[in-house]
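Enquirer: Going by full-length UniProt numbering, 128 is the number at position 128 of the sequence shown; the sequence numbering is gapless. From the three backbone atoms N, C-alpha and C, an ideal C-beta is built for every residue, glycine too. Dumping the structure here so I can ask a few things about it.
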Amino acid sequence: DIECNQGQTIVGHYYPPCPEPEIAIGTSRHSDSGFLTIVLQDEIGGLQILREGRWVDVVPTPGAFVVNIGDLLQLISNDKFSSVEHRVVAKEAEPRISIACFFSTFYHPASTRMYGPIKELLFEDNPALYRETLVRDYVARYFSIGLDG
Numbered sequence: 001d002i003e004c005n006q007g008q009t010i011v012g013h014y015y016p017p018c019p020e021p022e023i024a025i026g027t028s029r030h031s032d033s034g035f036l037t038i039v040l041q042d043e044i045g046g047l048q049i050l051r052e053g054r055w056v057d058v059v060p061t062p063g064a065f066v067v068n069i070g071d072l073l074q075l076i077s078n079d080k081f082s083s084v085e086h087r088v089v090a091k092e093a094e095p096r097i098s099i100a101c102f103f104s105t106f107y108h109p110a111s112t113r114m115y116g117p118i119k120e121l122l123f124e125d126n127p128a129l130y131r132e133t134l135v136r137d138y139v140a141r142y143f144s145i146g147l148d149g
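This is the structure we're talking about:
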């Protein structure tokens with residue numbers, strides 16, 4: 001049991017119209033720390049992912065969810081699934097609204113829970129790319145880096 005849904009958080013984001021979007025940013029570049037993030041965005045757009053060194057728009061599709069792989073899923077899958085850096089750019093015309101549900105482990109400062117690559121995914125030709133880490137150390141490092149990390 002990897003407890004990947006013990007720390008569910010739902011967040012609503014509201015970005016007001018920006019008169020000068022070329023000099024502002026909605027949310028700076030980052031990757032999500034948890035396992036999985038599910039996002040419902042409006043038709044305004046603004047979400048971008050970093051792909052091969054370039055920012056690419058995630059075009060809104062009515063009724064569709066955007067699913068982001070988080071850093072912990074990348075760690076336990078030993079890079080079978082990759083976390084993606086993303087950001088939100090400001091828009092001039094209208095406000096942008098999105099709702100995100102973050103699935104992560106339950107964090108407690110005294111936790112001795114360890115995460116590392118799932119043993120069944122490791123082979124001689126696919127060794128562990130990450131060492132095991134305490135949840136509390138992982139969370140402390142993530143928050144010490146902050147956005148743009």
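How should D32 be labelled, buried or exposed, when 16 other C-beta atoms within 10 angstroms of its C-beta is the threshold for buried?
Expert: Here residue 32 is taken as the residue at index 32 of the sequence shown, counted from 1. Under this definition D32 is a buried residue.
Enquirer: Three-state secondary structure (DSSP) at I76?
Expert: As a first step, residue 76 must be located in the sequence shown, where it is residue number 76. Looking at I76 - three-state DSSP - the assignment turns out to be helix.
Enquirer: Going by Cα to Cα distance, which pick from F65, R141, I145, L134 is closest to I99?
Expert: Looking up residue 99 in the sequence shown gives position 99. Ranking F65, R141, I145, L134 by Cα distance to I99 puts F65 first.
Enquirer: Using CA coordinates, which residue listed in M114, V89, N126 is at the minimum distance from P21?
Expert: Sequence index remark: in the sequence shown, residue 21 carries index 21 (1-based). The residue with the shortest Cα to Cα distance from P21 is V89.
Enquirer: Just the Cα atoms here: how many angstroms apart are G149 and H30?
Expert: Here residue 149 corresponds to residue number 149 of the sequence shown, with the count starting at 1. Here residue 30 corresponds to residue number 30 of the sequence shown, with the count starting at 1. Annotation note: pLDDT 49 at G149 (below 50); position unreliable, no value reported.
Enquirer: My guess is that V59 and G70 are in contact by the Cβ rule of under 8 Å, so how many angstroms apart are they, rounded?
Expert: Here residue 59 refers to the residue found at position 59 of the sequence shown. Here residue 70 refers to the residue found at position 70 of the sequence shown. Not a contact, Cβ separation roughly 22 Å.
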